[in-house]
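Undergrad: Structure below; questions to follow.
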Amino acid sequence: MRNANVLKGAKRLTAVLLALVMLLGLVPQAFAAGQARSTETQTSSPEETVYVNSYGGSTREVDFSDHWRFNLGSGSAAKEYNDSAWRDVDLPHDYSIEQEYSASNEAESGYLPGGTGWYRKTFTLSPDWKGKYITIDFGGVYMNATVYLNGEELGFHPYGYTAFSFELPQNLLDFNGENIIAVKVEHNIPSSRWYSGSGIYRTVHLTVTDPVHVAKDGVYVTTPNLKNDRTDGTMEIETVVENTSAVASEVTVRQTLYKQGATAAAVAGFNLETSKSIPAGERITVEQTGKIDNPDLWSPDSPNLYTLKTEVLVGDSVVDTCETEFGFRWTNFNSTNGFELNGEPTKLKGVCMHHDQGSLGSEAWYRAIERQVEILKEMGCNAIRVTHNPAAPELIEIANEKGMMLIDEAFDTWTNPKNGNVHDYSKWFDVAIGDDNAILGGEADMTWAEFDIKAMVNQDKNSPAVIMYSLGNEVLEGISGNANNY
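Listed below in structure tokens is the structure:
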């Protein structure tokens, strides 16, 4: 449970009651096998139990959101640092909503402060994971997140609204003892024109694969023939396969198709297999074409979905399996009908929706987001403009399943700050990532703007709900200066 002092109690009573109504019995808690350990504290604070999660098994994606230690203010990434006086929190977590409202704080930020927050998580790994390729995947951290493993910095990510990942290198992991992931979050205010929240406010998971595996966001499905023939379910499939080992491999990529909810019975007649060689330390793209007749189309009234199961085989052994959710639909704009979905004129009856959850702050709980979409559907809405930042992965998934069209928006600012928010994303927009950052998908000379655009599109590229992108909201550059570069 989160600690709360007496002074905060009165302020947060209403928020807590509202949160309980929304969350009780609805928000699943993530648990992993583990054990508790007690340590001496280095302060006068009461000694607390530090939970040690233990991870193993063959699951590709592992929830990593429970039992983090949190401290607002100073902290340390050192493995031996004693964090037993810190609070135990589960993610998602927003540390702004926990603080005191004050008229001296910025109105645009909801009169709540930001500050520097430290997160630490203690965990052990099964020896069976030796030699595996392991990444830690963050759905979103607001903002300026620096990630450490056992005291060694992995890298930095400034934007508060895109997903990012780091490899957990085998040489830094301890398979015989405890490991520490630490995350430093620096939210300097003013940074936003709306309530942003602070901290690791979206979920975190580990991805665990063999060295030969489907790369992150490595499957892309398009349906190019639907526009001319709605019965033609031809699929062009691109699969990026990565080999992080020191030896070349001969791989086979196998695709199987299922209708959503029918994973026990594959779509008859659809089975693709393609073999290729992949050199050590490289990645390849495997292109395949498959077809089904008369696919069930996705629309707001009938959100039909399909699941593509991708398997990578080395020899006769399946070394990686991942699933991609997508839908058959096509869009078009013309001067006669405006927007068309599946050939039908369609009015966008939409809203602009920020990411905050009222009394929950910015915490991206699945059920809270699902509830929002359900209410909007009941109102007659069929579209959401995600305002003014990329959507949480949970919103994309829910929109696919509920039949809510989305316009995903990249940025509120480019190179110029707004409203005197000198700490907003404009500080980073055209800054190069640099060669001292191991963030996955980044390159030394790539700007953060390019990285975050790619992160948004890679998250959304198979989503039938995403019908449009916005590159920026009311950006101040217009067409002047270096805006032509973007």
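Reading the sequence shown from the start, the letters are residues -32 to -1, 1 to 454 in mature numbering (1 follows the signal peptide of the UniProt record, and there is no 0). Note that CB positions come from ideal geometry on N, CA and C, so glycine has one too. Bear in mind that the values here come from a model prediction, so they are computed numbers and not experimental data.
#1: Short check: CB of Leu265 to CB of Thr171, under 9 Å?
#2: How close, in whole Å, do the beta carbons of Ile435 and Trp416 come, if the pair is a contact with beta carbons under 8 Å?
#3: Along the beta strand (DSSP E) that carries Arg170, what are the first and last residues, could you check?
#4: As a quick exercise: from Trp298, Trp333 and Met347, pick the residue whose alpha carbon is nearest that of Val319.
#5: Does Ser243 pass the burial test, meaning 16 or more other C-beta atoms within 10 Å, or should it be called exposed?
#6: Name, in chain order, the residues that DSSP records as bridge partners for Ala113.
#7: Hey, out of Leu140, Ala406 and Thr381, whose CA is closest to Trp396's CA?
#8: What do you get for residue 492, buried or exposed, if any count of 16 or more other CB atoms within 10 angstroms of its CB means buried?
#9: Assign Lys98 to one of two classes, buried (16 or more other C-beta atoms within 10 Å of its C-beta) or exposed (fewer than that).
#10: Compare the C-alpha of Gly229 against each of Asn118, Gly329 and Leu273 and name the closest.
#11: Indicate whether the contact test is met: 3 or more Cβ pairs, each with one atom in the stretch 138 to 147 and one in the stretch 67 to 82, closer than 8 Å.
#12: For a quick check, are the C-beta atoms of Phe91 and Tyr23 less than 9 Å apart?
#13: Of the choices Ile148, Val153 and Leu122, whose alpha-carbon is the least far from that of Tyr63?
#14: Ala412 to Glu210, Cα distance in whole Å?
#15: Would you call the stretch 32 to 44 and the stretch 80 to 91 in contact, with 3 or more CB pairs under 8 Å?
#16: Pairs of beta-carbons, one from the stretch 425 to 443 and one from the stretch 212 to 219, closer than 8 Å: are there three or more?
#17: Using a Cβ-Cβ cut-off of 7 Å (strictly less than) and excluding sequence neighbours within five positions of Pro385, which residues of its own chain qualify?
#18: Just to confirm the assignment, what range does the alpha helix (DSSP H) spanning Met424 have?
#19: Nearest by alpha-carbon distance to Gly283: which of Asp200, Val180, Ile366 and Ala351 is it?
#20: Between Ala378 and Asp420, how many whole angstroms is the CB-CB distance? I'm expecting something under 8 Å.
#21: Got a sec? Which residues, its chain only, sit under 7 Å from Leu(-16) by beta carbon, not counting five neighbours each side?
#22: Looking only at its own chain, which residues have a Cβ that is under 6 Å from the Cβ of Gly167, when we skip the five neighbours before and after it?
#23: Check Val443 in the structure and name its three-state DSSP category.
#24: In terms of alpha-carbon separation, which member of Asn139, Tyr110, Asn156 and Gly108 lies closest to residue 455?
#25: Note down the Cα distance separating Glu445 from Asp31, rounded to an integer number of angstroms.
#26: Tell me whether His322 is buried or exposed, calling it buried when 16 or more other Cβ atoms sit within 10 Å of its Cβ.
#27: Report back the beta-carbon spacing between Lys259 and Leu408 to the nearest angstrom; my notes put them in contact at under 8 Å.
#28: Quick one: what's Val180 bridged to in DSSP?
#29: Would DSSP call Ile435 helix, strand or coil?
#30: Note down, one range per segment and in chain order, each alpha helix (DSSP H) of at least 4 residues found wholly within the stretch 302 to 381.
#31: On the three-state DSSP scale, how would you describe Glu76?
#32: Below 9 Å between beta carbons: does that hold for Gly25 and Ser94?
#33: In angstroms, rounded to a whole number, what distance separates the CA positions of Thr191 and Glu338?
#34: Let's see if you can read the secondary structure: which residues bound the beta strand (DSSP E) around Lys89?
#35: From what residue to what residue does the beta strand (DSSP E) around Thr141 run?
#36: Go ahead and pull the three-state DSSP assignment for Trp97.
TA: On the basis of the coordinates in this document:
#1: no
#2: 26 Å between Cβ atoms; not a contact.
#3: Per DSSP, Arg170 belongs to no beta strand (DSSP E) and is neither H nor E.
#4: Met347
#5: exposed
#6: His125 and Val153
#7: Thr381
#8: It is not possible to answer for residue 492, since the shown part of the chain is limited to -32 through 454.
#9: exposed
#10: Leu273
#11: no
#12: yes
#13: Val153
#14: 20 Å
#15: yes
#16: no
#17: Asp392 and Ser394
#18: Trp416 to Asp428
#19: Val180
#20: 7 Å
#21: Confidence at Leu(-16) is low in this model, with a pLDDT of 41, below 50, so the placement of that residue should be treated as unreliable; the coordinate-derived value is given next. Answer for Leu(-16): no residue qualifies.
#22: His61, Asp62, Tyr63, Gly85 and Val153
#23: coil
#24: Because the chain is modelled from -32 through 454, residue 455 falls outside the range shown and cannot be assessed.
#25: 41 Å
#26: exposed
#27: No, Lys259 and Leu408 are not in contact; Cβ-Cβ is about 33 Å, not under 8 Å.
#28: Asn211
#29: strand
#30: 334 to 347 and 361 to 370
#31: helix
#32: yes
#33: 28 Å
#34: Gly83 to Leu93
#35: It should be pointed out that residue 141 corresponds to Leu in this sequence rather than to Thr. Here Leu141 belongs to no beta strand (DSSP E), and DSSP marks it neither H nor E.
#36: helix
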